[in-house]
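Visitor: So the sequence lines, in the order shown, correspond to chains Y, Z, X, L, S and D.
The UniProt record's numbering puts the first residue of the first sequence at 1, with every later residue one more than the last.
The UniProt record's numbering puts the first residue of the second sequence at 1, with every later residue one more than the last.
The UniProt record's numbering puts the first residue of the third sequence at 1, with every later residue one more than the last.
The UniProt record's numbering puts the first residue of the fourth sequence at 1, with every later residue one more than the last.
The UniProt record's numbering puts the first residue of the fifth sequence at 1, with every later residue one more than the last.
The UniProt record's numbering puts the first residue of the sixth sequence at 1, with every later residue one more than the last.
Number of protein chains: 6
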Amino acid sequence: MNRVVAFGEIMVRLSTERHLRFEQAKTFTVSYGGGEFNVCASLANYGVQAEFVSRLPDNEIGMCAIKEMRRMNVDSKNVIFGGERLGIYYLETGAGPRGSNVVYDRAHSAMATIEKGAVDWKTVLKDATWFHWSGITAAISQSAAEACLEAVKIAHEMGLTVSCDLNYRSKLWQYGKTPSEVMPEILQYSHVILGDIDTAYFMLGLDKVNPNYQDEKSLPSLYTKLFDLCPNLKTVATTLRYSVSASHQRIGGILFDGKKIYQAALKEVTPVIDRVGSGDAFMGGLIYGLLEYKNNNQRALEFAVAACCLKHTIAGDYNLVTLKEVENTVDGDSAGLVSR
Amino acid sequence: MNRVVAFGEIMVRLSTERHLRFEQAKTFTVSYGGGEFNVCASLANYGVQAEFVSRLPDNEIGMCAIKEMRRMNVDSKNVIFGGERLGIYYLETGAGPRGSNVVYDRAHSAMATIEKGAVDWKTVLKDATWFHWSGITAAISQSAAEACLEAVKIAHEMGLTVSCDLNYRSKLWQYGKTPSEVMPEILQYSHVILGDIDTAYFMLGLDKVNPNYQDEKSLPSLYTKLFDLCPNLKTVATTLRYSVSASHQRIGGILFDGKKIYQAALKEVTPVIDRVGSGDAFMGGLIYGLLEYKNNNQRALEFAVAACCLKHTIAGDYNLVTLKEVENTVDGDSAGLVSR
Amino acid sequence: MNRVVAFGEIMVRLSTERHLRFEQAKTFTVSYGGGEFNVCASLANYGVQAEFVSRLPDNEIGMCAIKEMRRMNVDSKNVIFGGERLGIYYLETGAGPRGSNVVYDRAHSAMATIEKGAVDWKTVLKDATWFHWSGITAAISQSAAEACLEAVKIAHEMGLTVSCDLNYRSKLWQYGKTPSEVMPEILQYSHVILGDIDTAYFMLGLDKVNPNYQDEKSLPSLYTKLFDLCPNLKTVATTLRYSVSASHQRIGGILFDGKKIYQAALKEVTPVIDRVGSGDAFMGGLIYGLLEYKNNNQRALEFAVAACCLKHTIAGDYNLVTLKEVENTVDGDSAGLVSR
Amino acid sequence: MNRVVAFGEIMVRLSTERHLRFEQAKTFTVSYGGGEFNVCASLANYGVQAEFVSRLPDNEIGMCAIKEMRRMNVDSKNVIFGGERLGIYYLETGAGPRGSNVVYDRAHSAMATIEKGAVDWKTVLKDATWFHWSGITAAISQSAAEACLEAVKIAHEMGLTVSCDLNYRSKLWQYGKTPSEVMPEILQYSHVILGDIDTAYFMLGLDKVNPNYQDEKSLPSLYTKLFDLCPNLKTVATTLRYSVSASHQRIGGILFDGKKIYQAALKEVTPVIDRVGSGDAFMGGLIYGLLEYKNNNQRALEFAVAACCLKHTIAGDYNLVTLKEVENTVDGDSAGLVSR
Amino acid sequence: MNRVVAFGEIMVRLSTERHLRFEQAKTFTVSYGGGEFNVCASLANYGVQAEFVSRLPDNEIGMCAIKEMRRMNVDSKNVIFGGERLGIYYLETGAGPRGSNVVYDRAHSAMATIEKGAVDWKTVLKDATWFHWSGITAAISQSAAEACLEAVKIAHEMGLTVSCDLNYRSKLWQYGKTPSEVMPEILQYSHVILGDIDTAYFMLGLDKVNPNYQDEKSLPSLYTKLFDLCPNLKTVATTLRYSVSASHQRIGGILFDGKKIYQAALKEVTPVIDRVGSGDAFMGGLIYGLLEYKNNNQRALEFAVAACCLKHTIAGDYNLVTLKEVENTVDGDSAGLVSR
Amino acid sequence: MNRVVAFGEIMVRLSTERHLRFEQAKTFTVSYGGGEFNVCASLANYGVQAEFVSRLPDNEIGMCAIKEMRRMNVDSKNVIFGGERLGIYYLETGAGPRGSNVVYDRAHSAMATIEKGAVDWKTVLKDATWFHWSGITAAISQSAAEACLEAVKIAHEMGLTVSCDLNYRSKLWQYGKTPSEVMPEILQYSHVILGDIDTAYFMLGLDKVNPNYQDEKSLPSLYTKLFDLCPNLKTVATTLRYSVSASHQRIGGILFDGKKIYQAALKEVTPVIDRVGSGDAFMGGLIYGLLEYKNNNQRALEFAVAACCLKHTIAGDYNLVTLKEVENTVDGDSAGLVSR
């Protein structure tokens, strides 16, 4: 049976409702999420055993995050308690011509101050089949990056499939290193990479900077380069995203397995209820697809795209949809009828 | 003066807000509605005398439904009290590629356990000019179907116009009979039928099953068949519905009076605030149109389509719009300006 | 340094949420706004010194309005206290084919009963560079119109630039005079006018009545006429508005400086969160643009259009966007990405 | 069968929640109420036929009030439409040492501008057995006072029992007359009066001013005086109210029928959820008691006191309790157990 | 290590907020709870392994209940899926002189239609040390009572401690049997009983009916009788409850271990936020106390009383307090200071 | 004219509503407050010119705090922008036997990383008459304590009255120094001290630790000691607080001016809506009293006590009451009547 372990940060998410600006909010909707946890939540929803490893402060707010993991059926038994605080991000959801805005307040978090050796990975990963990490953990602090490298190495040695979502965030990487000094080494031990073309180039030390989800034509050459640089790489994929406005997105995907390029048709998503976490939904769908549709990369990719599309309609960080709902979307349900 | 009496079930409606999934909801918005009551509410809004006959539990929740009927100016004086519970339905409103979902919890309701003879229809229908029922009442239980047949027969004998919305619900019809064993007999006494092609065929014992709101071409042959089978039929109509997504619908309508086919142009509806009850809004509009625009079936149909479109923008089961607002929509108001 | 003073009414705004109809509302969202104050709020957001002069009742509700002015950094030091009540308007926000609706309850307000002489304009306007008024103040009462004329005259004499938003409201002008009996005189002393073609004609005593935001072709002849009639006119502009539905607008703009017509390309705005105050946002953007982009009327106009578009995504009367956000929109940001 | 008609004003009530101050409120809870309507609502809840006569503006907000009357089963068929606005009152609910605060915005309301002759009382009161008015209607305007006198005279002539709640409000009576110039004449035709000692003296032209709910000892002499001055008086009663704080009240009552003083024991009420309308709940209970417990003034009074106590636990203007709930409280239920 | 398994029903709880009456509610707060589950939740909060066994419908609403169990760290792995519906109860929270009100809508629930043999108790109870049931399960249907008897017998045979909360509900027991026909047999196999004097007498077939939490003097003779009738009884306890009003309770407790009576001092609880589930909190505290304070029945009882008191301050069915918070209350913390 | 400047930290306050526990909250109510700012807000409400000096992050959340200062009419013109984050505290409001709980997340805030020299105090304090600081600023970091000492020295030199609220918080003081190493030096330059007996002893290096608001008898000897140790001390005061429960407090006060002890009678406060900030309300009232009732220390003290009592009824950190409301409470208003 498949068992996926992810490693990363979970945060308090404080968001305004109904497109209000921060200054208009008398209340913030509070939830708990973060890139790698969101992937676990997706997998648990699809029926895959999922565990999330992180470091949380030993206080009531940390406990709230634990309870949310439990509710989502994501195992939290190896979470470490310590540190000063749970990281926070403030989210203001845009509409039409006004974009969404995230204000990070995640410095000095319990996870940012985790250190190599804090987790007994050999024990944690026993019986696991897949390990997931992302570029965010490498971006929050030197010690978190080191803890991540340690975990990835052990996972690789133990024979797990290792996946990475590159996840470049321009507001992070504040600790004095560039992605290209940190990421390539960790990617050595990764077998599946999700990333757009600019992010990938940038993390590998090349020149582009901003996420670019639309340059389909250059992807094959990027993919070749990634396979050259990452000796264990098996699969690389990219979310294609065409943004009409904050409320209207077109989503597709591309996947390369070292031999062949697979492409999923674009789907319209409008209105967008909440696009934060839609990349994690893609990642969660991709892992599920690669695990379950072993000889059908096309369907694996389409599953990821459908999961990503559905996530845009779900409030909160992670993708509260069932396996059957994603499959129906893959199979062409327009969602136009009420199920009754 | 026109006085319309409808017979059916009113339920507690528990819906999530802002497209939340059931599991995210800390609160459910509560309201009270049901297909046949929704038709009454529409008519009362247009100034027609409307009465709703049903069976409700004699408790505080039943009383809440009564108060809502009063608020809507729908007469409740012949409601019967008894039975165990008020039926419930849970509603989760979709968005874009995610459809809406209804979970019924209406078995064993006061209305489902009503019996033939419970209502003194001769008294109730005195001075009434129109009687409305729907396929839902026939679907919830054997005894409700019998009570419905009884009412329809008496209404027909007393000279009222009898209308029926076929309203097939795949999650109902659990009591051991198929629609084709029950519906044809009741339809004998009906003069106006609203229904899509598949539903109609299925209820008549033919082969199709799912609602199909888009097969314009086959409708004439259906209509002919309905006129053959229902000796008292005068008018049959169908809502045309093209679903782009859960948030975007295109609505039109067709009507046949035994001689001529009338068709209303499609209208775009986006965003969809709440599409549950939009069929009832069509029915309410159609009854109003047939009553008030006696020699103008085209306008009657357009009134029904406009009412249906507007309903998609109203939260809750029934159509809170005024006569003037529907007329303005018929006459082409794009709603683009603020009235001030 | 630029300092703008506006004169007008601020009201309690009671609006329903989530597209509810008035009768569905258990709560009204309360805020405080009004055309001329909204212009001040925009300017303060862009970093311009702004002051609002009005008359408010000396009670707790009046004090709420004062606190909102303070929060927005709009100077309220010359507000006069007196009168019976703060005017109110009820707002129901439409969706798709259902338009928004405003119910005014502003008669007998403190501002409507202001009288000429109540404000010591010579002192108030010392060091100010711009004075703004609108047709609403002229519309609410005879005495308010007189107070407005007094202010405009003094502002003109003191060398300020005087701007006017014609702002015709069919539900006002109840005090026995028509716009054409009142407006032309005040417009004599105005240098910048914002108005659509029909409103302008109507206020000048010509025949058309309803706001018309789409007649681009006739605008040049209107502009010529305005320059003929208003001896001090320097700039006239019009918001172009094509309304697809209550949820979808296309916004552009035209400006004439006596020599040349400037036109800004149409922008799509969907969904519309709140379009009330979007004209004030245009006006606020236009004043900012004329002040800051002195030799670049094209950019001034585009700034006004971008500000107007963004306002449609902001709940409440005034435009809670920063200078940088408007500039980014002018420069083509599609808002499709999350800033993080 | 008893049928009670009341005449007065219904207003929009805008209240803050959870003890927030006005300036903290982002939303106001909206409801519709007013002294005389509240009495009707109480009576309808107890199963008495009740009708409310008033004047409302012919707009969407007036219609909201009508729908609320319907919901409460209070007949609104003789309501007159006209005038400019529905009166408003803002309410901030205190707690402990901080008192509640009402800001009136009811001047120029539809009801304040009603005129004598507007209602065809002879028709309206046919088949009615009781007429209720209060000092508030006499206080809002000269013309409302005249319309009230007209109604009271006719009701008396037609043989109805006429009741009055003196209801002195220091913030009203702004139209140039004192209560003592207006009230005595209307009281001539009244048979039941509810009022505290100071209010009563003040309205009769004597010297005291503020409501005084605690001077039990002076009441007998007041009562004697009232009987002297009001030739048709049959019953006079007073709510006794000892205010520990805004959250804790002690409520009792006294009644005099011309022969004997009846007194009801004090009851503790804490916490107070909403005390506005608790006097109207007393009045409604008193009318019910006098109608139903004809030879038992003691129980009539205790019913009024119990109703008043329960009202303090109900949010909104009127008393949403059933006959059985009031009777249980009269009979000593401490409310300590959950009914299940 | 202690592991407690409870068997019973979990329901949807729909409650009004801020003391609103049912008819005032536009929203219901939704949560999931039930007597026996509430006991599990308490125990899990105190760090005891807890599992809840029940039967739930296989739909989205049943899944919501599962997710809540997970969140509370209560094991749900042996829950059975089937049946038509999740039971519901509507709750209106009283205040002061107005009591709380529960409307049950739990007939025909999945748990009510469970049958003997549905659960493989030998497997489920392996490694468990304690089994808990209550009189509610015996009250909802014949088949649930039989399933309960089956479970209790097996638990007793397997050597677990069996506890029972008598929990008489007058609105249940509708299936044709009286408590005295059903309860005594199941109680044969129980070692710990919680119950007030009247309930206990009634369930044993004696004459009293209503719960009576105040008859301290008669308890010893009741206890003797219980020990006579229940051969395996080790401990019996009673919650003492003196109800000043719906908002003010005084709570104490009595415990008898066959040798000695222990009594805990009364504690004041005001205000009451939510008293539903406070008996379950007592039961959860008692089980914890008996497990952890093995030779200290006095402290076990005081722990139960403190837990019960704290529950009155927690919204929702179960007691969201930590072990340390209960211990602090036992040790006399007045809660008067803010922890910071 | 009096002008008061305070120096300290303003934080985001995230609180649960309706006594919910952290884990139950789907939303946090967000506001902005902090001890020294709260004092400014009180003074501004009483009509005193108030300015708050602090350091805030240069992001949208810092801007929200600025807007709140503006709304409260507290001058923010000398606020410094810089640093990483705005400090946060999470607040869960208790009830009855369950205490309130604060979770601090304020480490690494912009204010904690302020440094000596960052503020040009000579300019800032020009024309000011009073300077206020508190023990919290000394507790958050070494550099903040140094910045505070700098400010106090300059204020004293410039002839301002310097006041200090000792404000011991056991969860702060984490930077390696004890209060007794830091506070005595700053207190040298202070003229007014507010503090309870244990806090005062502890900060002076003596032995007690927890706040003690009830030891009236030992206060005179403490006061003597404070006068000995602080050469510039003129006035020392203590809030007396007797905590019945989280919902019921008794508040009084004592003041010593070097010659005479003044004492204010205890007042009951129940229910408590929000007691956080009630000490700041006392401090704000005391400063006002000392400024305005120069020869009447008794009234100054009673004003402080009344302000403190009223604050317990106000949600949020600072005291939203008017001068008149405090005076009425001093003069004995029981708040039992509605003002209307």
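Ideal placement from N, C-alpha and C gives every residue a C-beta, glycine not left out.
Runs of 4 residues minimum, wholly inside the segment 86 to 160 of chain L: which ones carry the alpha helix (DSSP H) assignment?
Guide: You should have 121 to 124, 135 to 140 and 142 to 157.
Visitor: Which residues in chain D sit within 9 Å of E23(L), going by Cβ to Cβ distance?
Guide: Per Cβ cutoff of 9 Å: R71 and L320.
Visitor: Would you call the segment 123 to 141 of chain S and the segment 93 to 105 of chain S in contact, with 3 or more CB pairs under 8 Å?
Guide: Touching, no, given that fewer than three Cβ pairs across the two stretches are closer than 8 Å.
Visitor: Could you give the first and the last residue of the continuous alpha helix (DSSP H) run that contains F282(L)?
Guide: That run of the alpha helix (DSSP H) goes S278 to E292.
Visitor: Does at least one heavy atom of the ligand ATP sit under 7 Å from the Cβ of P179(Y)?
Guide: By its list of ligands, the structure shown contains no ligand whatsoever, and the ligand ATP lies outside what it can speak to.
Visitor: Let's test the definition: count the other Cβ atoms within 10 Å of the Cβ of D120(Y) and tell me whether it reaches 16, buried, or not, exposed.
Guide: So D120(Y) counts as exposed.
Visitor: Name the DSSP bridge partner or partners of Q263(X)?
Guide: Paired residues: I254(X).
Visitor: Cα-Cα, which of L291(Y), T137(Y) and R13(Y) is closest to G62(Y)?
Guide: Selected option, being the one with the closest Cα: R13(Y).
Visitor: Consider the Cβ of E84(S): report whether some Cβ of chain Z lies at a distance smaller than 8 Å.
Guide: E84(S) counts as touching chain Z.
Visitor: Measure from the alpha carbon of Y288(S) to the alpha carbon of each residue in H19(S), G205(S) and L323(S), then state which is nearest.
Guide: Y288(S) has its Cα closest to that of L323(S), out of H19(S), G205(S) and L323(S).
Visitor: For the segment 106 to 138 of chain Y, enumerate the residues whose C-beta is nearer than 8 Å to any C-beta of chain D, in chain order.
Guide: Per Cβ criterion, the list reads A107 and H108.
Visitor: Is there a Cβ from chain Z that is less than 8 Å from the Cβ of T270(Y)?
Guide: T270(Y) counts as touching chain Z.
Visitor: Could you tell me the boundaries of the beta strand (DSSP E) in which I193(Y) lies?
Guide: I193(Y) -> beta strand (DSSP E) spans V192 to L194.
Visitor: From I273(D) to S109(X), what distance separates their C-alpha atoms?
Guide: For I273(D) and S109(X), the distance between alpha carbons rounds to 35 Å.
Visitor: For chain S, check one thing: does any of its Cβ atoms lie closer than 8 Å to the Cβ of V103(Z)?
Guide: For V103(Z), the answer is yes, since a Cβ of chain S falls inside 8 Å of its Cβ.
Visitor: I need the straight-line Cα distance from K260(Z) to A155(Z), nearest angstrom please.
Guide: Distance between the alpha carbons of K260(Z) and A155(Z) is about 27 Å.
Visitor: Contact criterion: CB-CB distance below 8 Å. Does A307(D) meet it with respect to chain L?
Guide: It does not: the Cβ of A307(D) has no partner Cβ on chain L nearer than 8 Å.
Visitor: In three-state terms, what does DSSP make of D228(Y)?
Guide: The answer is helix: DSSP assigns D228(Y) an H, G or I state.
Visitor: For K267(S), return the contacting residues in chain Y, with the cut-off set at a CB-CB distance below 8 Å.
Guide: Chain Y residues near K267(S): none, gap ~24 Å exceeds 8 Å.
Visitor: Any C-beta of chain S within less than 7 Å: which residues of the segment 24 to 38 of chain Z qualify?
Guide: Per Cβ criterion, the list reads A25, K26, T27, F28, T29 and V30.
Visitor: If you measure beta-carbon to beta-carbon, which residues of the segment 278 to 309 of chain L are closer than 8 Å to chain X?
Guide: Result list empty, no residue passes.
Visitor: Let me know the secondary structure DSSP gives E51(Y) once reduced to three states.
Guide: Residue state, collapsed to three classes: strand.
Visitor: Spell out the partners DSSP gives R70(D) in its beta bridges.
Guide: In DSSP, R70(D) forms no bridge with anything.
Visitor: Check whether chain B comes within 8 Å of K177(L), counting only Cβ atoms and requiring the distance to be less than that.
Guide: The chain inventory of the structure shown lacks chain B, comprising the protein chains Y, Z, X, L, S and D.
Visitor: Beta-carbon separation of L194(Y) and L166(Y) under 8 Å?
Guide: Taking 8 Å as the Cβ cut-off, L194(Y) and L166(Y) qualify as a contacting pair.
Visitor: Using 8 Å for Cβ pairs, my map puts S247(X) next to P271(Z). What's the rounded Cβ distance?
Guide: Right, the Cβ-Cβ distance comes to about 6 Å (below 8 Å), so this counts as a contact.
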